[in-house]
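Asker: My structure is below; once you've seen it, I'll send some questions.
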Amino acid sequence: METDGTYESRDTRGGAVPRPAGPPPTSAPTTPPASAAHTTPVVPPPPGHVPPAHLGAVPPPPGHAPGRVAVADWLRVPRPAAEPGVWRLGHRPRPAEEPEEVPARRLFTGAVIALLSGWLLWSLLWNGYLGRYWLWPLVVLTPDSWRTDADTWGIASYTYYAIVGGGFLVFFARIGHVPDIWRRYTRKKEAPAPPPPSGADPADWPEIRDAGLADTAQTLAEAVRQGLLGDVDYARIGRAWQGVRTRPDRLPAFTEAVRTRGAAACGHPSGKRDLPVRTATHDLATGQVLIGTAADHPRNPYARRTTGVALEQDVLGTSLLAVGPAGSGKTARLIRPVVESLCLQALANRAAVVAVTAHGATLGADEAFDVVVSVGRPESTHDLDLYGGTDDPDEAARILAEALVGDLVADSRRAATALAQLIGPFRAAYGHFPAVPELRELLSGTPAALDTLRAAVAAHPAQLRELDARQRQAERGDDAGVLLAERIAFLDRPAFAAFFATVPDGRPQFSLRALEHPLRVRVDLPERGHAEASRIVSRLLLSQFTEAALGRRDRSLFACLVLDDATHTVTGEALRAVQRLRSAHAGVVLALRSLEDVPEALRGPLLGAVGCRMAFAGLAPWDGGRFADTWGTEWVQTRDVTNRQIISDEPLTKALHAMRRIATGKATTAEAVTVREVERQRWSASDLAHAVPPGHAVLSLTHVRGEHTPPLLVELRG
C-alpha cells in the first residue's frame, strides 16, 4: 500500500479494542463490565495443555495463557536472533551437542563412596591416628597468649576444625559430583526467569522518541500502559513508522494520526484492528506464527529439539509445499494458522493474502476477510475477473491459456496465440474482453459470432489479419482452439452465468491486480459439483497471482497465495514463475494429497522450485522417495559392536569361565567396538511413510537470504 497505513481508514468502527495475540476463549464469552472494556480477556488453556519446555517461565504471547498478559510485558520478552523456523519469543538457545551425562546409578554410587572416604579420613585425623601435624597452621597463625586462655583457645580450635572440615566436605563433594546431582535433580525443575531486556523499554517506543517526537512516543506509551493498544496496533504503527523513515514527507500525517487517533492510528482500510477469532499463537513483533514443536527425537539436531517451530514472511517468501493424505492435518495445523497470520499482518498493513479453499471448508469467518469470492454462488459479494485486470490482450491470453490447458499440454504458447487472435479483435471492437459464452462461441468457430466480430473490426486492418490467421489455423487438424473450446465449456455453466461477466452488472469484480493493497481475500471453489471448473479457477488464480506479484510497482507488502488443494494446479509455466517470486517479496503455499496430483515430469522440479517442504504423516512410499531424494544424505557416526567368545587353555582360567557360565548362563566374551562415519539419507522413503507419528510432519525451511535448515520432525499443534 503506497501510504504504508499512514493515512486514515475509511471505516473507524472497528469494534472493540482487540486483544493481543493468542487463541480464542474455549467457552462462550460473557459481557464484560464497563471497567474491563479495555483489558485483555482471560483465556483458559486447552485441557491437558503443557507449556513447551523451551519457553520456561517466559510470558507467552498476550491472551495465550491464563490471566491478563499486558502488551508491555509481551514486548519486553527477549527475541534473540535464531536460525530460520525457530519460535523466537522467549527462545533460549540449546547447546549444539548433547552433553555426556554420567548414569544416575554411577553418579550416586560415586557420591556415596567419596563422602564415606572423606568421613573416614576426617575420623582418622580427629582421633589422632594420623598424628597432630595437621594442626600446625592453627599454632602458627595464633598468638601464644591465646593458648593460655582456655575459652579463647577453644573458640579458635573449633573455628579451625570447622574450616578444615568444611574444606574436606567441599573437596570430597566435588570429587563425588554432588553439584552435578544438585543441578540434575533440583535446579532442572525450577523455571528460570527471563533475562531482563537490554536497552530502552520497547513499550516506550524508543525509536520514535529518539527521532525527537517525544509527544508522539508518549501518546503511544500511555496507550500501552492503559491497555488500549493491542499487538496488531503495535505492528501496524511500527509499519507506518518504517514508511515515515523512508519517506520523511509522511511525518506530519503520521504525527497527526497518532495525536487524533492514538492506538487506532494508521488504520487498515477496513477499519478493523483484529480478527474476530484466533485459533493459533502469533507474535506480531516478529511476524511469526507457532505451528508446532521440534520433537525430542534422535533424527533432529540436539540444538533444535523441544524448540518451537514457526513460520514467517521471510520463510514463506521461498514458497512452501505441503504433501499429506486427507486427514493428516494440512488444513487445520498448517494452512489455517498461516492464513490467520497473514490476515493479521494484512491488518497491520504488512501483507496481502489470497486464500483459496473448497466451499464449506473455510479458513476463517467471513468477517476475517475483506473480500470473499464464492465462485458460482449467488450470495457472493464479488465476481472474479477472468482476465486478471489486464488491458493487454497478449497477457490476458497467456494467463487464460495456462488456466484452461496448462495441465494438458507442456507448452501453452499455441493456445495463448489462438486466444489472443480472438480476444484482441473483440476488445478493439467492443472495449472489453469477451465473456465466457462469447469466448466459447468464438473458439468453437461459430460462423455467426465470427462474422459479427469481423464486421465490428472492419475498420481495423491489424485486427482483421488476426482473425484471418485464426481462421487459417482452425482448418488444421491440431488446432488448439478445439481443446480450448472444450475446456472453457466447464466454465460456461448456468451456475457461473453471471460470475465471469466482463461488463459491470452491479456486483464488483475482484482482480489480483489489487495486491498492492493490504487485502485479505478468500476464494471458495465449488469442488463438489464442479471439480474440473474449480481446478481451472485454481490455475487461473495461480497464473494471475504470479503475474500480478511480479508486476507490482510497490513491493513493500508481502504477497502470498495459499492453495488449500493444489491438485492439477501446477504447470510448467507456473513453476518458472514461482521461482521468481522470491525476488518480488511474494510466495505461494501449496497443499497436495499426493505428488501423483502433479504431472510426473513436474514432480522433481516442483520440489526444487520451493524452498520449504513439508511431508505429513501417512505419506505414500513413492512420495516419500521424492522427498528423500530432495533432502539428500548426511554423514553420521555408527558403532559396530562385535562379541567373541574367549577360549582359554589355562586350567584356572577355564574354571573361572565355567563358574561364570553357571552363574550368568552366558559364555565369557570380549567386546570390540568399531566407530566409523557413513553416509545415509536424512529421511528415507520408508521412514517418511511409516516412522512419522500421527500429528507430526517432517519440515525443512529456507530463508530468503539463502539460510536453510535440515528436515525436522515437528509435533504439530492441534
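Sequential numbering of the sequence shown, starting at 1099, is according to our numbering. All residues carry an ideal CB built from backbone N, CA and C; glycine is no exception.
Can you find a heavy atom of the ligand SAM that lies under 6 Å from the Cβ of Pro1491?
Answerer: No copy of the ligand SAM appears in this structure; indeed no ligand is present at all.
Asker: Once the 5 residues before and after Gln1642 are set aside, which same chain residues still bring their CB inside 7 Å of it?
Answerer: Excluding sequence neighbours, Gln1642 sits near Gly1486, Ile1497 and Leu1610.
Asker: Pull up the distance between the alpha-carbon of Pro1130 and that of Leu1326, whole angstroms please.
Answerer: Note on Pro1130: pLDDT 33, under 50, position unreliable in the model; the coordinate value appears next. Taking the straight line joining both Cα atoms gives about 15 Å.
Asker: Spell out a yes or no on whether the region 1533 to 1553 and the region 1578 to 1588 are touching, meaning 3 or more CB-CB pairs, one atom from each, closer than 8 Å.
Answerer: As far as the Cβ criterion goes, the region 1533 to 1553 touches the region 1578 to 1588, which means the pair count is three or higher.
Asker: Can you check which of these residues, Pro1201, Leu1239, Gly1265 and Pro1241, is closest to Asp1278 by C-alpha distance?
Answerer: When each option's Cα is compared against that of Asp1278, the closest is Pro1201.
Asker: Output the distance between the C-alpha atoms of Asp1662 and Ser1636, rounded to the nearest integer angstrom.
Answerer: Cα to Cα, Asp1662 sits roughly 10 Å from Ser1636.
Asker: Verify whether the separation of the beta carbon atoms of Ala1768 and Arg1737 is less than 7 Å.
Answerer: No, Cβ-Cβ distance for Ala1768 and Arg1737 is not below 7 Å.
Asker: Taking the alpha-carbon of Leu1442 as reference, which of Gln1340, Gly1422, Glu1465 and Val1471 has the nearest alpha-carbon?
Answerer: Among Gln1340, Gly1422, Glu1465 and Val1471, the Cα nearest to that of Leu1442 belongs to Glu1465.
Asker: Return the bridge partner residues of Gly1741 from the DSSP annotation.
Answerer: The residue you asked about is not Gly; residue 1741 is Asn in the sequence shown. Glu1769, per the DSSP bridge assignment.
Asker: Measure from the alpha carbon of Ala1449 to the alpha carbon of each residue in Thr1460, Val1375, Asp1549 and Phe1656, then state which is nearest.
Answerer: Of the candidates Thr1460, Val1375, Asp1549 and Phe1656, the one whose C-alpha sits nearest the C-alpha of Ala1449 is Phe1656.
Asker: I'd like to confirm the pairing. Which residues does DSSP put opposite Ala1795 in its beta bridges?
Answerer: Ala1795 pairs with Phe1714 and Val1812.
Asker: How is Ser1472 classed by DSSP in three states: helix, strand or coil?
Answerer: If DSSP states are grouped into helix, strand and coil, Ser1472 belongs with the strands.
Asker: Could you tell me the distance, in whole angstroms, from the CA atom of Ile1335 to the CA atom of Thr1405?
Answerer: C-alpha separation (whole angstroms): 30 Å.
Asker: In the region 1298 to 1361, which residue ranges form an unbroken alpha helix (DSSP H) of at least 4 residues, counting only runs that do not cross its ends?
Answerer: Correct list: 1304 to 1308, 1312 to 1323, 1329 to 1344 and 1349 to 1359.
Asker: Does the contact criterion of 3 or more C-beta pairs under 8 Å hold for the region 1469 to 1486 versus the region 1408 to 1420?
Answerer: Flag = no, the region 1469 to 1486 and the region 1408 to 1420 do not touch.
Asker: With DSSP run on the structure shown, which of helix, strand or coil describes Val1790?
Answerer: In the structure shown, Val1790 sits in coil (DSSP, three-state: anything other than H, G, I, E or B).
Asker: Below 8 Å on the Cβ atoms is my contact criterion, and I expect Leu1705 with Thr1728 to pass it. Report the Cβ-Cβ distance as a whole number of Å.
Answerer: Contact holds; Cβ gap of about 5 Å.
Asker: What are the boundary residues of the beta strand (DSSP E) that includes Gly1685?
Answerer: Ala1684 to Leu1690 is the span of the beta strand (DSSP E), which, as asked, contains Gly1685.
Asker: Could you check the C-alpha separation between Val1802 and Ala1675 for me, to the nearest Å?
Answerer: Cα to Cα, the separation comes out at about 16 Å.
Asker: Classify Lys1370 as buried or exposed, calling it buried when 16 or more other Cβ atoms lie within 10 Å of its own Cβ.
Answerer: Buried.
Asker: Is it buried or exposed for Trp1781, if we count other Cβ within 10 angstroms and need 16 for buried?
Answerer: It counts as buried.
Asker: Use the C-beta contact count for Val1776: other C-beta atoms within 10 angstroms, 16 or more gives buried, fewer gives exposed.
Answerer: Flag for Val1776 reads exposed.
Asker: My guess is that Phe1598 and Val1534 are in contact by the Cβ rule of under 8 Å, so how many angstroms apart are they, rounded?
Answerer: Sure, about 5 Å apart at Cβ, within 8 Å.
Asker: For Leu1797 and Leu1187, what's the separation of their Cα atoms in angstroms?
Answerer: Computed Cα separation, rounded: 20 Å.
Asker: Could you check if Tyr1332 is buried or exposed, using at least 16 other CB atoms within 10 Å of its CB as the buried criterion?
Answerer: Buried: at least 16 other Cβ atoms inside 10 Å.
Asker: Taking a contact to mean a Cβ-Cβ separation below 7 Å, would you say Leu1786 touches Leu1717 in this structure?
Answerer: Yes, the Cβ-Cβ distance between Leu1786 and Leu1717 is below 7 Å.
Asker: Between the C-alpha atoms of Ala1526 and Ala1567, what's the straight-line distance to the nearest angstrom?
Answerer: Cα to Cα, Ala1526 sits roughly 17 Å from Ala1567.
Asker: Going by DSSP, what residue range makes up the alpha helix (DSSP H) through Lys1218?
Answerer: Before going further, note that residue 1218 is Leu rather than Lys in the sequence given. Ala1202 to Trp1224 is the extent of the alpha helix (DSSP H) around Leu1218.
Asker: In the DSSP assignment, the beta strand (DSSP E) including Thr1669 goes from what residue to what residue?
Answerer: Note, Thr1669: premise wrong, no beta strand (DSSP E); not H, not E.
Asker: So Ala1593 and Gly1422 are supposed to be a Cβ contact under 8 Å. How far apart are they, rounded?
Answerer: Not quite, the Cβ-Cβ distance comes to about 31 Å (not below 8 Å), so this is no contact.
Asker: Where His1628 and Thr1667 are concerned, what is the direct C-alpha to C-alpha distance, given to the nearest angstrom?
Answerer: His1628 and Thr1667: Cα-Cα distance of roughly 15 Å.
Asker: In whole angstroms, what is the alpha-carbon distance linking Leu1388 and Ala1378?
Answerer: Going by the C-alpha atoms only, they are around 7 Å apart.
Asker: If you run the structure through DSSP and keep just helix, strand and coil, what is Val1708?
Answerer: Val1708 falls in the coil class under three-state DSSP.
Asker: Around the Cβ of Trp1232, are there at least 16 other Cβ atoms within 10 angstroms (buried) or fewer (exposed)?
Answerer: Classification of Trp1232: exposed, given that the 10 Å Cβ count is below 16.
Asker: Please report the Cβ distance between Ile1273 and Val1687, rounded to the nearest whole angstrom; I am assuming they are in contact, meaning their Cβ atoms lie under 8 Å.
Answerer: Contact doesn't hold; Cβ gap of about 58 Å is too wide.
Asker: Exposed or buried, which one is Leu1218 when buried takes at least 16 other CB atoms within 10 Å?
Answerer: With fewer than 16 other Cβ atoms within 10 Å, it is exposed.
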